[in-house]
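Chains as they are written, first to last, in this note's numbering: chain A, 53 to 697; chain B, 53 to 697.
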């Protein structure tokens, strides 16, 4: 099988679109924020995931299936997918580093998976074997096609990095089996958890086999027509309530909704289906404008791990699952490639720093599954030798009974280089800023070599040095985040210009050594919530560059509680320490009341003190704490107007 | 078996306590708010419940068990309890009315239940039969003792109204079986859903058999010691996290927590266990001060139908299950009897008008399961011929797959007379106001006859006329709700006095025709939330007497939405129409924004208009609507201070 050179190591590889992804192998993150994350991922997270899955028998499930063992498999119904996501992470990592452990781990694991495949291509350790439920007997909850989708994605990553192998061949057999089983003459339904849809389109891109694209279209067009049975969460839970092209906003289970939307963009792009693309763009806009947290997090409800209504965005009960952050990146990246609008990269940046980076600890061996914007109780340290419940603790946990997040973070970090920049006939676009080297080729064949130097996000200076002369002029485009517009400054030699738009561009035939500098303002700033968000009325948040800040009880004076903190309306935050901020605050102590709904304002005791803030991604690093992103304004200031006038 | 005359028709019958309940048969609700509810219950709800349970096969489960039929039963694992709660409602109704249908329905149903009992006293249609799971093989979720508890409560109601029968005998056999199976030498665990605890104490009160009290003590002392297996919701879900006497607040599944606390009060009272009583009093205080909605509703989370953290009280996601309202009445009534503090009756009044009365429609054939304080989307009419999901609609539904609420409302309304008044050595206490006649006896043997005339809660005038001369002086005590203190007026002949305390009392040897009048202020008033409730910051609620008011979109001018309503801080509500209110409001239209977290206040368009309010219990009577209890203050008033100073 020939894998086109053009698709090598691209995270996603559409055949059409405004922007063209470059290979993750063309980008080397050399230092700073993301280099540390990639290092922990490579050196700790991958082994950590492998160890836990061996220990819990999730990988042995494949050996048992290969041996035709009787009865139920270990773990939950989606356990196979964790092995696949780890394989995908290992495949990406193999193209990033030369660690022989990575290669060996990949090959051993892939062989065990391939051995479990049935003769007709079917592959799942929980269904269809002796003493197991029949294949496709539980489409609502069985996750068979979901698992298959992740298997195919692992194979796609392999095909695009070190090239085709037995896992890729197995994925093709699996995809062929799915096309038989669910094709025009097959089962007229879909999987309760979308994922096979983008996977099939990506496999089409790798192989050129059109039947995979056609099958993805069948799955996407079938959804929203009640082909799945009724469940207590309602059909919106798995997006079976409204056809994809008729929906106006994402709803139901957040990860399901985002994976499905990503698949719909893939299908729309490969089919030149502009109406479908426009439908997903509209869904993205309404979701980002009304159903997304300031962190970029998605999913307002624990019940059903789902989106809520418009403007239903409670901080304390925010679910904001790490995997929904991954799904959001998948969707926004595809839309960015399709239409080139920097707003998609803006949301990706917000999500990378405040959801993806929040989940793992610095060591890469403990994770947040949910990412609420507030903790009212400090919680307790999770057990380190037992899998935790998904949302039970305020602390990162080593593993979960439903452990989708660690491997999802792992595959994202391993492929991160592929998301920093794109090319187009005009030139090269830098979307995310990391200390890095980029060595790639423009569509016209011109080689480009860039050295990006920055301590972003702790500092807003981004310096881009061109490594070689260009024969022809091209456009270097630098994204200016929404919060920096009108204050960002582009420096090109002696020229300094304020940037008002969403990109700063320099067009010329660059000479080796040319340096372009972008200055983004990263001092702490105040943000206000839309007045329709009930949960945030009367509060403010502090942001600094792309980082959302939070207050933690560990930083409070003894005897005070986070629930008593109020911020005077005139207070302005200032930078503090390495990457923190500080704001003038008031500690209001309200007397205990037998009934919390009272006819007039209560008398409170007030003491002023500075409140320290740290980046949200660092919260809970110092042990159990209560935490708040949104800080209430001093109540007296506005309630007084309410009652005394 | 002798049933002591003293316990006849009492809803609960403690042997100790500050106040003594009177028989429900001594109270006749003659008109007004609750008379209408009792009439709908008697004439429609009881038949409605019976019809649905026949149709779904829940009652036939007993016939199948009696016949030794193979395999699973219809409905969910707690379906038996619905038949028992209906039996309890029929038993209470039989003492209130002389409808032969009620008597016949009770006897037919009781016979079918009794026939299903096993020779050793065990009774459950889902466990222990051929092809069914073994008895007590799933204490976490099986609900066997929970169902048994409701069976015993039905028998207690029968014993106290028309007297012992075969159902009462069966309940005694069932209780004896439970004492064998779970006694000191038996299974050392508890049921995942408390309910058998208060039932056993009540059966002890009926029979005098001490082993039932001892068994209740075993169950209550065992809980909180992790005798149940771990579940994803955590041990707090079924209160197995902390021993009852060590807990400081109610937590976990709200109905479970409230039923358990009610049983603990029963045990404490009968055992003279003041430490246990004090523990539950403390739990009540912390729960009411920090975890209760303004409606009296309890349960802030859909996930686990549970209490949230302190001050976690979102309006839109309020669960506030109708059954938690019933559980709250059970608990507060027991505490009122134990220590006589009117605060318990205050909460009962709030819960009766704003939770219990909200659930059924006026016809008594459709019900709310959850009672949120806000609906952001109007929802759709539920199907009338299919059981609804618990929380899926903004409209009352005829039945639910988990249909605990309709029968719980039915048994509460049928026994409501028993909750209006108590006696004590000092005299008689009126706790709840309804147009009624009360004919009872004081502990010293003096007969008392009172005629209460009122249109409460639509009007605050309560007139109490004594029907016969008293030989000795006694104290007539009238509860003054917390919101009326300092403005309520007691009128005794020519004497008018403002009442500052929680009761208005008149002490004398009353003469026939003496009339005492209490004037409670029921004009609409403004209430403010505790500043620690994030979900309510910057909002106000309107209350009128014991009624919480709400705004519904059906009352808005065309083209406006409830989400756009703001109330100026200086606005004051005024009465409107029969039982509504009106307040000056502003409609703010915020322009659509691509991102809802912005660096400064937005410009909005404002139009003023009066906003109509209706009592919350009447919401959704006029079809699908959006709804709000808490109204945001006009934002400009306070945000301006925040940003412009």
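Ideal placement from N, C-alpha and C gives every residue a C-beta, glycine not left out.
In this structure, residue 279 of chain A lies away from residue 198 of chain A, with their beta-carbon atoms at least 8 angstroms apart.
Those residues of the region 414–435 of chain A placed with their C-beta closer than 7 angstroms to a C-beta in chain B are 428 and 429, ordered along the chain. In the structure shown, residue 624 of chain B adopts coil according to DSSP, grouped into three states.
Flagged as an interface residue toward chain A: residue 583 of chain B, by a C-beta distance shorter than 8 angstroms. Secondary structure of residue 244 of chain B (DSSP, three-state): coil. Here residue 646 of chain B is exposed, its C-beta having fewer than 16 other C-beta atoms within 10 Å. In the three-state scheme derived from DSSP, where H, G and I count as helix and E and B as strand, residue 527 of chain B is classed as strand. Against chain B, the CB of residue 571 of chain A has no partner CB under 8 angstroms away; the residue lies outside that interface.
Annotated three-state conformation of residue 440 of chain A is strand, per DSSP. Secondary structure at residue 585 of chain B: coil, using DSSP grouped into helix, strand and coil. Taking C-beta separations shorter than 6 angstroms and ignoring five residues to either side along the sequence, the partners of residue 251 of chain A in its chain run 201, 204 and 205, following chain order.
Look at the beta carbons and you see the region 395–410 of chain B not touching the region 516–527 of chain B: under three pairs across the two are nearer than 8 angstroms.
The count of Cβ pairs closer than 8 angstroms, one atom from the region 655–672 of chain A and one from the region 630–642 of chain A, reaches three, so the stretches are in contact. Per DSSP, residue 353 of chain A is not a residue of any beta strand (DSSP E), being assigned neither H nor E. Between residue 508 of chain B and residue 471 of chain B, the gap from beta carbon to beta carbon reaches 8 angstroms or more.
Following the DSSP letters along the chain, one finds residue 661 of chain A inside the beta strand (DSSP E) bounded by residues 657–667. Taking every protein chain shown into account, the CB of residue 172 of chain A has fewer than 16 other CB atoms within 10 angstroms, so this residue is exposed. Counted as a single uninterrupted DSSP element, the alpha helix (DSSP H) harbouring residue 147 of chain A occupies residues 131–148. Bridge partners of residue 573 of chain B according to DSSP: none are assigned. With fewer than 16 neighbouring CB atoms inside 10 Å of its own CB, residue 626 of chain A falls in the exposed class. By the neighbour-count criterion, in which a residue is buried when 16 or more other Cβ atoms sit within 10 angstroms of its Cβ, residue 224 of chain A is buried. Residues of chain B with a Cβ closer than 8 angstroms to the Cβ of residue 293 of chain A do not exist, since the nearest Cβ in that chain sits about 12 angstroms away.
Looking at the DSSP output, residue 501 of chain A sits in a beta bridge with A:491. Residue 359 of chain A sits close to residue 351 of chain A, with the two beta carbons spaced by under 8 angstroms. When the five nearest sequence neighbours on each side are left out, the beta carbons in the same chain lying within less than 8 angstroms of the beta carbon of residue 124 of chain A are those of 178, 183 and 184, in order along the chain. Taking 8 angstroms as the threshold, the shortest C-beta distance from residue 342 of chain A to chain B falls below it.
Of all C-beta pairs linking the region 456–466 of chain B to the region 94–101 of chain B, three or more are shorter than 8 angstroms, placing the two stretches in contact. Around residue 265 of chain B, the same chain offers 252, 253, 256, 319, 322 and 323 as residues with beta carbons nearer than 8 angstroms, after the five sequence neighbours per side are excluded. At least 8 angstroms separates the beta-carbon of residue 368 of chain B from that of residue 447 of chain B. The beta carbon of residue 342 of chain B sits closer than 6 angstroms to the beta carbons of 362 and 363 from its chain, once the five residues preceding and following it are set aside; these are given in chain order. Assignment of residue 650 of chain A by DSSP, reduced to helix, strand and coil, places it in the strand class.
Not a single CB atom of chain A sits nearer than 8 angstroms to the CB of residue 189 of chain B.
The three-state secondary structure of residue 333 of chain A, taken from DSSP, is helix. The shortest CA-to-CA distance from residue 317 of chain A to any of A:304, A:333 and A:306 is the one to A:333. The beta carbon of residue 534 of chain A sits closer than 8 angstroms to some beta carbon of chain B. Of all residues in the region 620–644 of chain B, only 621, 622, 640, 642 and 644 place a beta-carbon less than 8 angstroms from a beta-carbon of chain A.
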